[in-house]
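A.B. asks: Before we start, here is the structure in question, set down as structure tokens.
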Amino acid sequence: MSVKLFDERLNELKSLIASMGGCVEQMLKEASMIIFQKQADKEKLYRVIRDREIEIDSLQVKLGKYCFRLLAVQSPVAKDLRMILSIIATNTSLERMGDLSLNIAKRGRDLKEDPLLETSLHCLEEMLIHISLMVVDCLDAFINEDENLARQVIIQDRKADDLKEKICFELKSCILKNTKLIDTCLQLVGVAEKLERIGDQATNIAEEVVFLQTGMDIKHQQQK
Amino acid sequence: MSFKKGKMKQKTLIEVKALSAWFKKSQALSNINLLIEKNKVTAIIGPSGCGKSTFIRCLNRLHEEVEGAYLKGEVILEGKNIYDLGSDPVLIRRNIGMVFQKPNPFPGMSIYDNVAIGLKLSGIKKRSLLDERVERSLRNAALWKEVKDHLSRSGQSLSGGQQQRLCIARALAVNPSVMLMDEPTSALEPISTAWIEELIQKLKNQVTVVFVTHNMQQAARVSDRIAFFLNGELVEFNKTSWFFTKPKHSKSEDYITGRF
Numbered sequence: 001m002s003v004k005l006f007d008e009r010l011n012e013l014k015s016l017i018a019s020m021g022g023c024v025e026q027m028l029k030e031a032s033m034i035i036f037q038k039q040a041d042k043e044k045l046y047r048v049i050r051d052r053e054i055e056i057d058s059l060q061v062k063l064g065k066y067c068f069r070l071l072a073v074q075s076p077v078a079k080d081l082r083m084i085l086s087i088i089a090t091n092t093s094l095e096r097m098g099d100l101s102l103n104i105a106k107r108g109r110d111l112k113e114d115p116l117l118e119t120s121l122h123c124l125e126e127m128l129i130h131i132s133l134m135v136v137d138c139l140d141a142f143i144n145e146d147e148n149l150a151r152q153v154i155i156q157d158r159k160a161d162d163l164k165e166k167i168c169f170e171l172k173s174c175i176l177k178n179t180k181l182i183d184t185c186l187q188l189v190g191v192a193e194k195l196e197r198i199g200d201q202a203t204n205i206a207e208e209v210v211f212l213q214t215g216m217d218i219k220h221q222q223q224k
Numbered sequence: 001m002s003f004k005k006g007k008m009k010q011k012t013l014i015e016v017k018a019l020s021a022w023f024k025k026s027q028a029l030s031n032i033n034l035l036i037e038k039n040k041v042t043a044i045i046g047p048s049g050c051g052k053s054t055f056i057r058c059l060n061r062l063h064e065e066v067e068g069a070y071l072k073g074e075v076i077l078e079g080k081n082i083y084d085l086g087s088d089p090v091l092i093r094r095n096i097g098m099v100f101q102k103p104n105p106f107p108g109m110s111i112y113d114n115v116a117i118g119l120k121l122s123g124i125k126k127r128s129l130l131d132e133r134v135e136r137s138l139r140n141a142a143l144w145k146e147v148k149d150h151l152s153r154s155g156q157s158l159s160g161g162q163q164q165r166l167c168i169a170r171a172l173a174v175n176p177s178v179m180l181m182d183e184p185t186s187a188l189e190p191i192s193t194a195w196i197e198e199l200i201q202k203l204k205n206q207v208t209v210v211f212v213t214h215n216m217q218q219a220a221r222v223s224d225r226i227a228f229f230l231n232g233e234l235v236e237f238n239k240t241s242w243f244f245t246k247p248k249h250s251k252s253e254d255y256i257t258g259r260f
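Respectively, the protein sequence lines represent chains B and V. Counting in this note's numbering, the first sequence tops out at residue 224, every number present. Counting in this note's numbering, the second sequence tops out at residue 260, every number present.
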């Protein structure tokens, strides 16, 4: 395979990543509508999200196959190798994001309304916006190979964790005020947890960008 | 290949200092500085005409054999410059053996004599000692099992891969401390290539290997260190694992990814 053709293949892989990322971004928007827009046709939106998740799964398989073939026939080295390894890792992260977004949509579809939940829902909306931005930024960082933006995403993950803690605290207060809300509150805790995990996956993608650009593996460094 | 981080201090066997080489007016190498570690495999890579072969031929004073060829600088082997006045090139080449691209067993000589010739020239005449050293060299070159029953056959009757291992055995017979190899597998098919590559890995326990290759994957598989040459200059000298994952120099990256 010529270098030109190999570069074309790499660009195709990046386009597939962009398509998967676009799906995740849309799923989060639609999940947000399910949870926060009272007039939304929740069932219809849920079906759209489910179809997107199926599309992501099929893109994941396709990408995995292409990466496997390129590794086998091209024996890439240096940045080419790091690029394919990053694409493989990002592929997995995006597929997980798709699963998590579908789970959020499912929980959102079944939510019951109550005035007591207003503060928690406000926090949850703030978290969803924050996570959506992390997803957009990590994908931009990946596509544009922008290490600085990737490092900003990694920093943003702490705020996502804090927001989740805040939501859990608010929901505990709700339960103490009205125990009948326990099921709904648990669903909302679930939504916050899934959002936090999407944030973690966005962080993973950002770490892949740093690896792609520098060759350094910075995973788990903030835990030390 | 090991994933372990080496904490042991590596011992330098050859120190190349400010080495420049010429063929008449044409400069082939300019100001090469390099430390070759003992019992490591160092691969020399680079495009055609970059000075790879000239470089290794400077390591055992073969460069000066070409008419009009000369050099400046030092090649210090175990503390002694091989270009010092009074150094004997023959003795140096015995200590720094060389295997060439095309296997070159001595024509008209048996397998046994091909290996024994260096020993005989160095004064060993005792048959039992010769037998022992020939067998040991052929074993070290992973050829003994294939040839032990017909040592009197001509060296040239062997296959290409066997001939190359015979040449390695010939070089090993005189106990060199360094083995230079100039594209040792480029004339061989994949199975013989695999044999030689495995052999290089084993050999590094007893000798320091420096080899030239055009095959990037071979350099990646076999070597511990990579020296990348371009236009007669040493662009990068790095651990192989780093060179192929995160090269220091953009020219190295361009070369190994084919974007030159």
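Glycine included, each C-beta is placed from N, C-alpha and C at the ideal position. All of these numbers come straight from a predicted model, not from anything done at the bench.
1) Please confirm if residue 256 of chain V has its CB atom under 9 Å from at least one CB of chain B.
2) Start and end of the beta strand (DSSP E) containing residue 69 of chain V?
3) Name the DSSP beta bridge partners of residue 211 of chain V, please?
4) Any contact between the segment 229–245 of chain V and the segment 59–73 of chain V? By contact I mean 3 or more CB pairs, one from each, below 8 Å.
5) Apart from the five residues on each side of it in sequence, which residues of its chain come closer than 6 Å, Cβ to Cβ, to residue 246 of chain V?
6) Taking the alpha helix (DSSP H) that residue 119 of chain B belongs to, which residues open and close that run?
7) Select from the segment 58–91 of chain B all residues with a C-beta closer than 9 Å to any C-beta belonging to chain V, and list them in chain order.
8) Does DSSP put residue 36 of chain B in a helix, a strand or coil?
9) CA-CA distance, residue 102 of chain B and residue 194 of chain B?
10) Could you have a look at residue 140 of chain V and say whether DSSP puts it in helix, strand or coil?
11) Given a cut-off of 9 Å, decide if residue 107 of chain B and residue 201 of chain B are closer than it, judged by their beta-carbon atoms.
12) Check residue 209 of chain B in the structure and name its three-state DSSP category.
13) Quick one: Cα of residue 192 of chain B to Cα of residue 99 of chain B, how far?
14) Mind checking whether residue 41 of chain V and residue 211 of chain V have CB atoms under 9 Å apart?
15) Give every residue of the same chain whose Cβ lies closer than 8 Å to the Cβ of residue 167 of chain B, excluding the five residues on either side of it in the sequence, and list them in chain order.
16) Taking only the alpha-carbon atoms, compute the straight-line gap between residue 218 of chain B and residue 83 of chain B and give it to the nearest angstrom.
17) Quick check: what's the CA-CA separation for residue 184 of chain B versus residue 85 of chain B?
18) Give me the chain V residues within the contact set of residue 3 of chain B, using Cβ-Cβ distance strictly less than 8 Å, ordered along the chain.
19) Nearest chain B C-beta to residue 98 of chain V closer than 9 Å, yes or no?
20) With a Cβ-Cβ cutoff of 9 Å, do residue 252 of chain V and residue 78 of chain B count as a contact?
21) Would you say residue 142 of chain B reaches chain V, if we count a Cβ-Cβ gap shorter than 9 Å as a contact?
22) Using only CA atoms, which one of V:223, V:96, V:230 and V:16 lies nearest to residue 244 of chain V?
23) Identify which residue in B:89, B:7, B:10 and B:21 has its Cα closest to the Cα of residue 211 of chain B.
24) If you draw a straight line from the C-alpha of residue 121 of chain V to the C-alpha of residue 149 of chain V, how long is it?
25) Could you tell me the distance, in whole angstroms, from the CA atom of residue 142 of chain B to the CA atom of residue 32 of chain B?
26) Got a sec: which bits of the segment 235–253 of chain V sit with their beta carbon under 9 Å from any beta carbon on chain B, in order along the chain?
27) State buried or exposed for residue 160 of chain B, treating a residue as buried only when at least 16 other CB atoms are found within 10 Å of its CB.
28) Mind pulling the chain B residues with CB within less than 7 Å of residue 217 of chain V?
29) Determine the closest residue to residue 35 of chain V out of V:160, V:129, V:226 and V:54, with distance taken between C-alpha atoms.
30) Tell me which residues share the same chain as residue 224 of chain B and place their Cβ nearer than 7 Å to its Cβ, disregarding the 5 neighbours each side in the sequence.
31) Below 8 Å, how does it come out for the segment 9–19 of chain B and the segment 111–120 of chain B: are there three or more Cβ pairs, yes or no?
32) So the beta strand (DSSP E) residue 169 of chain B belongs to, where does it begin and stop?
33) Would you please verify whether the beta carbon of residue 227 of chain V is less than 9 Å from any beta carbon of chain B?
34) Under the three-state reduction of DSSP, which class applies to residue 106 of chain V: helix, strand or coil?
35) Using the Cα positions of residue 32 of chain V and residue 93 of chain V, report the straight-line distance between them to the nearest angstrom.
36) Out of curiosity, what's the CA-to-CA distance linking residue 116 of chain V and residue 52 of chain V?
C.D. replies: Put simply:
1) As a working note, residue 256 of chain V is residue 256 in the second sequence. Yes, because at least one Cβ of chain B sits closer than 9 Å to the Cβ of residue 256 of chain V.
2) The residue labelled residue 69 of chain V in the question sits at position 69 within the second sequence. Element bounds for residue 69 of chain V: 69–77.
3) Taking the second sequence and counting its residues from 1, the one referred to as residue 211 of chain V is at position 211. Partner(s): V:43 and V:181.
4) no
5) Looking up residue 246 of chain V in the second sequence gives position 246. Nothing listed; no residue qualifies.
6) As a first step, residue 119 of chain B must be located in the first sequence, where it is residue number 119. Start and end: 118–144.
7) 75, 76, 77, 78, 79, 80, 81 and 82
8) As a first step, residue 36 of chain B is located in the first sequence; it is residue number 36 there, counting from the start. Here residue 36 of chain B sits in helix by DSSP.
9) As a first step, residue 102 of chain B must be located in the first sequence, where it is residue number 102. As a first step, residue 194 of chain B must be located in the first sequence, where it is residue number 194. Near 10 Å, if we compare the C-alpha coordinates of residue 194 of chain B and residue 102 of chain B.
10) Residue mapping note: residue 140 of chain V aligns to position 140 of the second sequence, counting from 1. Of the three classes helix, strand and coil, the one that applies to residue 140 of chain V here is helix, per DSSP.
11) Numbered from its first residue, the first sequence carries residue 201 of chain B at position 201. Numbered from its first residue, the first sequence carries residue 107 of chain B at position 107. It is not a contact, given that the beta carbons lie outside the stated cut-off.
12) Taking the first sequence and counting its residues from 1, the one referred to as residue 209 of chain B is at position 209. Helix, per DSSP.
13) Reading the first sequence from its first residue, position 192 is the one you call residue 192 of chain B. Reading the first sequence from its first residue, position 99 is the one you call residue 99 of chain B. Cα to Cα, the separation comes out at about 14 Å.
14) As a first step, residue 41 of chain V is located in the second sequence; it is residue number 41 there, counting from the start. As a first step, residue 211 of chain V is located in the second sequence; it is residue number 211 there, counting from the start. Contact: yes.
15) Taking the first sequence and counting its residues from 1, the one referred to as residue 167 of chain B is at position 167. Here the set comprises 120, 123, 124, 127, 188, 189 and 192.
16) On the first sequence, position 218 is the one that residue 218 of chain B refers to. On the first sequence, position 83 is the one that residue 83 of chain B refers to. Approximately 16 Å between the Cα atoms of the pair.
17) Numbered from 1 along the first sequence, position 184 holds the residue referred to as residue 184 of chain B. Numbered from 1 along the first sequence, position 85 holds the residue referred to as residue 85 of chain B. For residue 184 of chain B and residue 85 of chain B, the distance between alpha carbons rounds to 41 Å.
18) Working through the first sequence from its first residue, we reach residue 3 of chain B at position 3. Neighbours of residue 3 of chain B on chain V, chain order: 257, 258 and 259.
19) Within the second sequence, residue 98 of chain V is the residue found at index 98, counting from 1. No, residue 98 of chain V does not count as interfacial toward chain B.
20) If you number the second sequence from 1, residue 252 of chain V lands on position 252. If you number the first sequence from 1, residue 78 of chain B lands on position 78. The answer is yes: Cβ separation under 9 Å.
21) Locating residue 142 of chain B in the first sequence gives position 142, counting from the first residue. So, not an interface residue.
22) Position 244 of the second sequence holds residue 244 of chain V. The option with the nearest alpha carbon to residue 244 of chain V is V:223.
23) Stepping through the first sequence from its first residue, residue 211 of chain B is reached at position 211. Considering only alpha carbons, the answer is B:89.
24) On the second sequence, residue 121 of chain V is found 121 positions in, with the first residue counted as 1. On the second sequence, residue 149 of chain V is found 149 positions in, with the first residue counted as 1. If you take the alpha carbons of residue 121 of chain V and residue 149 of chain V, they lie about 25 Å apart.
25) On the first sequence, residue 142 of chain B is found 142 positions in, with the first residue counted as 1. On the first sequence, residue 32 of chain B is found 32 positions in, with the first residue counted as 1. Roughly 24 Å between the two C-alpha positions.
26) 242, 243, 244, 245, 246, 247, 252 and 253
27) As a working mapping, residue 160 of chain B is identified with position 160 in the first sequence. Residue 160 of chain B is buried by the Cβ-count criterion.
28) Mapped onto the second sequence, residue 217 of chain V falls at position 217. Within chain B, the residues near residue 217 of chain V are 75.
29) Working through the second sequence from its first residue, we reach residue 35 of chain V at position 35. Selected option, being the one with the closest Cα: V:226.
30) Against the first sequence, residue 224 of chain B aligns to sequence position 224. A caution first: residue 224 of chain B carries a pLDDT of 45, below 50, which makes its placement in the model unreliable, though a value can still be read off. If we look at residue 224 of chain B and ignore the five residues flanking it on each side, it has no Cβ neighbours.
31) no
32) The residue labelled residue 169 of chain B in the question sits at position 169 within the first sequence. Note, residue 169 of chain B: premise wrong, no beta strand (DSSP E); alpha helix (DSSP H) at 147–177.
33) As a first step, residue 227 of chain V must be located in the second sequence, where it is residue number 227. It does not; no Cβ of chain B falls within 9 Å.
34) Sequence index remark: in the second sequence, residue 106 of chain V carries index 106 (1-based). Here residue 106 of chain V sits in coil by DSSP.
35) Position 32 of the second sequence, counting from 1, holds the residue named residue 32 of chain V. Position 93 of the second sequence, counting from 1, holds the residue named residue 93 of chain V. Near 21 Å, if we compare the C-alpha coordinates of residue 93 of chain V and residue 32 of chain V.
36) Position 116 of the second sequence, counted from the first residue, corresponds to residue 116 of chain V. Position 52 of the second sequence, counted from the first residue, corresponds to residue 52 of chain V. In a straight line, the C-alpha of residue 116 of chain V is about 30 Å away from that of residue 52 of chain V.
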